[in-house]
Amino acid sequence: MFDEYKSAIVSQLAEISGAAPGTIAEAIDLPKANAHGDLAVAVPRLRVKGNPVQLAQTWAEQFKSSSVIDSAMASGPFINFRINRASFTRKVLTTINAQGPKYGWTNTGAGKRVIVEFSSPNIAKPFHAGHLRSTIIGNFINNLYKAHGWETISMNYLGDWGKQYGLLAIGFALLGSEEKLVEDPIKHLYDVYVEINKVAEEDPSIHDQARAYFRKMENGDQEALALWQRFRDLSIAKYKDIYARLGIEFDVYSGESQVGEGMHRAMKMLDEAGLLVEDKGAVLLDLEKYKLERVLVKKSDGTTLYLTRDIGAAIERYEKYNFDKFIYVVGSEQDLHLKQLFKTIELLELPYADRFQHINYGLVKGMSTRKGTVVFLEDMLRDTKEKMHDVMRKKEDKYAQVENPEDTSDKLGISAIVVQDMMARRIKDYVFNWDRILSFKGDTGPFLQFTHTRLCSIERKAHVKVNPEADISLLSEESCQELISMLARYPEVLAATLQSLEPCNIV
2 MFDEYKSAIV SQLAEISGAA PGTIAEAIDL PKANAHGDLA VAVPRLRVKG NPVQLAQTWA
62 EQFKSSSVID SAMASGPFIN FRINRASFTR KVLTTINAQG PKYGWTNTGA GKRVIVEFSS
122 PNIAKPFHAG HLRSTIIGNF INNLYKAHGW ETISMNYLGD WGKQYGLLAI GFALLGSEEK
182 LVEDPIKHLY DVYVEINKVA EEDPSIHDQA RAYFRKMENG DQEALALWQR FRDLSIAKYK
242 DIYARLGIEF DVYSGESQVG EGMHRAMKML DEAGLLVEDK GAVLLDLEKY KLERVLVKKS
302 DGTTLYLTRD IGAAIERYEK YNFDKFIYVV GSEQDLHLKQ LFKTIELLEL PYADRFQHIN
362 YGLVKGMSTR KGTVVFLEDM LRDTKEKMHD VMRKKEDKYA QVENPEDTSD KLGISAIVVQ
422 DMMARRIKDY VFNWDRILSF KGDTGPFLQF THTRLCSIER KAHVKVNPEA DISLLSEESC
482 QELISMLARY PEVLAATLQS LEPCNIV
């Protein structure tokens with residue numbers, strides 16, 4: 002949006018200052034406040050000898066106004082530029098009208114493919130509020146890459162393999178309920194898992210039975226795999242219902258269980274590279290020289306582990322999808338694991354080793370119950386909906402006008418959760434605050450929805466069609482110009498966010 006204006010500044014300032022055009026272009030920024038101009042150049046970044054304050058003053062005085070740049074004014078070591086508002090306003094509004102919902106989108110990623118792996122709950126463990134951050138941030142990143150022309154593949158890599166599924170199978174045989182499994186598979190499998198662990202505290206042989214059951218799974222026992230498959234299918238169906246409420250769809254439901262030949266090839270490659278050591282029958286990956294510890298990759302009973310399967314998955318995914326970038330959206334508590342994974346891929350000298358990226362994030366605090374137990378995501382969404390409904394009822398006149406209060410309160414509640422999460426910097430922990438997120442005041446989801454509704458209402462009641470030839474000179478108020486400037490910045494903010502992958506830059 003600002004390219005024409007930046008080019009005019011670069012052209013004239015290069016003649017005045019003698020600085021390289023490319024250097025000037027990189028030094029042009031969008032000021033945070035309109036009072037500082039529409040565009041600004043930090044003179045020290047031009048690397049020209051002399052006092053930056055004096056240079057800024059001299060160059061600003063020599064800068065001549067043009068059809069696109071109205072003025073240049075020095076402010077300390079900065080030169081602030083005012084652009085021609087009439088041409089700028091028409092350009093911004095015409096572009097927005099032409100591009101519609103895709104305003105700000107680019108084709109910079111055309112021909113490239115990115116896989117974004119996010120959410121990734123563990124079957125039989127809580128699908129809890131902590132997974133919400135990965136789900137929201139991952140979906141945001143997926144949409145962001147799509148807006149820049151990339152072909153995106155959203156992947157949900159389920160934790161659906163390991164000794165815990167042997168434990169779950171033993172537990173279900175002893176404590177399970179077919180009726181409860183069908184009614185709410187995620188909750189019931191979790192309850193069974195908790196209870197069988199309690200039983201195992203009194204009877205350690207349960208763990209031996211679980212290991213034996215998992216070996217049967219890894220050896221392809223059809224009966225064992227059939228039960229595991231049923232647990233998996235029922236859980237995914239329930240997950241899809243929850244994701245649908247959040248407006249999220251996945252292109253691929255993958256899982257540790259689906260890693261096959263790649264895992265065995267990875268073990269062979271690691272062995273040939275001299276990276277493996279044996280200890281009492283177990284096999285470890287030695288990364289100590291890289292300060293990444295020794296990692297268990299195969300137990301003494303021959304069963305595999307998380308890292309083993311992740312290495313195999315990375316190999317198989319590249320061979321299947323030939324991606325240009327693979328992004329893991331996983332919490333900061335997995336930093337070491339991802340560093341170990343990436344270092345291993347690098348040591349194997351795989352040609353795509355530099356295509357992996359870990360996007361981490363902090364914790365959501367304040368989401369445990371009074372007993373200290375975890376809050377299930379579905380319960381959290383239900384509570385948010387109910388609390389939002391209570392807030393809506395307080396304004397009886399407006400509540401009476403709502404066609405479907407149940408659906409509206411659900412959408413407002415979800416907006417409240419999503420916006421609060423996106424406002425926090427990724428790496429920062431934040432405290433979940435009911436009063437804050439449900440407020441219709443300030444930077445909240447409900448206020449954002451309320452503002453959008455008001456704007457739609459104004460547009461609907463005006464009975465005026467959008468006219469590209471409207472007299473834009475009428476938009477002379479300062480508030481109008483500030484809004485136009487903000488709208489104009491959106492494409493550049495969107496482009497910059499592709500580098501930072503920080504949702505808070507957009508919200």
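Numbering (this note's numbering), first residue to last: 2 to 508. For each residue, glycine too, the CB sits at the ideal point set by N, CA and C.
Which of helix, strand or coil DSSP assigns to residue i
i, result
"Gln402", "coil"
"Asp336", "helix"
"Asn220", "coil"
"Phe232", "helix"
"Met2", "coil"
"Thr305", "strand"
"Val69", "coil"
"Tyr254", "strand"
"Val419", "helix"
"Phe324", "coil"
"Lys372", "Unreliable positioning characterises Lys372 in this predicted model, as indicated by a pLDDT of 49, which lies under 50. A coordinate reading is not provided."
"His464", "coil"
"Leu40", "strand"
"Ile25", "helix"
"Asn198", "helix"
"Phe64", "coil"
"Asp287", "strand"
"Arg426", "coil"
"Glu478", "coil"
Spatially closest choice to residue i from the options, by CA coordinates
i, options, result
"Glu257", "Gly110, Gly160, Lys462 and Met74", "Gly160"
"Ser301", "Ala315, Thr309, Asp280 and Glu320", "Asp280"
"Gln58", "Phe79, Val69, Lys290 and Lys65", "Phe79"
"Ala225", "Leu277, Leu169 and Ile237", "Leu169"
"Gln500", "His149, Val42, Val376 and Phe119", "His149"
"Ala201", "Ile187, Gln230 and Ile171", "Ile171"
"Ile187", "Tyr158, Asp252 and Ile243", "Ile243"
"Met268", "Gly313, Ile154, Leu288 and Glu250", "Gly313"
"Leu117", "Asp336, Glu62, Pro53 and Val253", "Sequence check: residue 117 is Val here, not Leu. Residue Val253 is the option with its Cα nearest to Val117."
"Gly23", "Phe173, Asn35, Ile10 and Lys33", "Ile10"
"Lys388", "Arg83, Ser66 and Ile418", "Ile418"
"Ile360", "Gly332, Gly367 and Ser474", "Gly332"
"Leu547", "Ala471, Arg48, Asn405 and Glu379", "In the structure as shown, the chain starts at 2 and stops at 508, and residue 547 therefore has no counterpart that could be examined."
"His132", "Val44, Tyr307 and Phe377", "Phe377"
"Gly112", "Leu182, Asn323 and Val403", "Asn323"
"Val115", "Phe141, Lys326, Tyr362 and Arg356", "Lys326"
"Leu339", "Leu351, Phe357 and Leu271", "Phe357"
Exposed unless 16 or more other CB atoms sit within 10 angstroms - verdict on residue i
i, result
"Gly221", "exposed"
"Lys372", "Only weak support is given to the placement of Lys372: the predicted model assigns it a pLDDT of 49, under 50, and the value that follows is read from those uncertain coordinates. So Lys372 ends up on the exposed side."
"Arg233", "buried"
"Ala1", "Here the chain has residues from 2 to 508 only, and residue 1 is not among them."
"Ser121", "buried"
"Val432", "exposed"
"Ile428", "exposed"
"Arg318", "buried"
"Thr309", "buried"
"Ala75", "buried"
"Glu85", "The identity of residue 85 in the sequence shown is Asn, whereas the question assumes Glu. Buried, since its Cβ has 16 or more Cβ neighbours within 10 Å."
"Leu337", "exposed"
"Glu62", "exposed"
"Asp311", "buried"
"Gly282", "exposed"
"Asp436", "exposed"
Cβ-Cβ distance between residue i and residue j below 8 Å
i, j, result
"Met264", "Thr304", "no"
"Leu40", "Lys7", "yes"
"Val420", "Gly446", "yes"
"Leu286", "Thr345", "yes"
"Tyr491", "Tyr104", "yes"
"Lys164", "Phe215", "yes"
"Phe3", "Ala489", "yes"
"Ile138", "Val330", "yes"
"Gln100", "Phe64", "no"
"Asn81", "His37", "yes"
"Asp444", "Met424", "yes"
"Val93", "Ile485", "yes"
"Ser255", "Ile124", "no"
"Phe128", "Tyr291", "no"
"Ile415", "Leu449", "no"
"Gly167", "Ala211", "yes"
"Leu439", "Val392", "yes"
CB contact check: residue i to chain D, cutoff 8 Å
i, result
"Pro22", "This model lacks chain D altogether, as it is built from one protein chain only."
Start-end ranges of the beta strand (DSSP E) lying completely within the stretch 140–196, minimum 3 residues: Counting whole runs of 3 or more residues, the stretch 140–196 contains the beta strand (DSSP E) stretches 152–159.
Contained beta strand (DSSP E) runs [length at least 3] in the stretch 68–120, N- to C-terminal order: 70–76, 79–84 and 114–118
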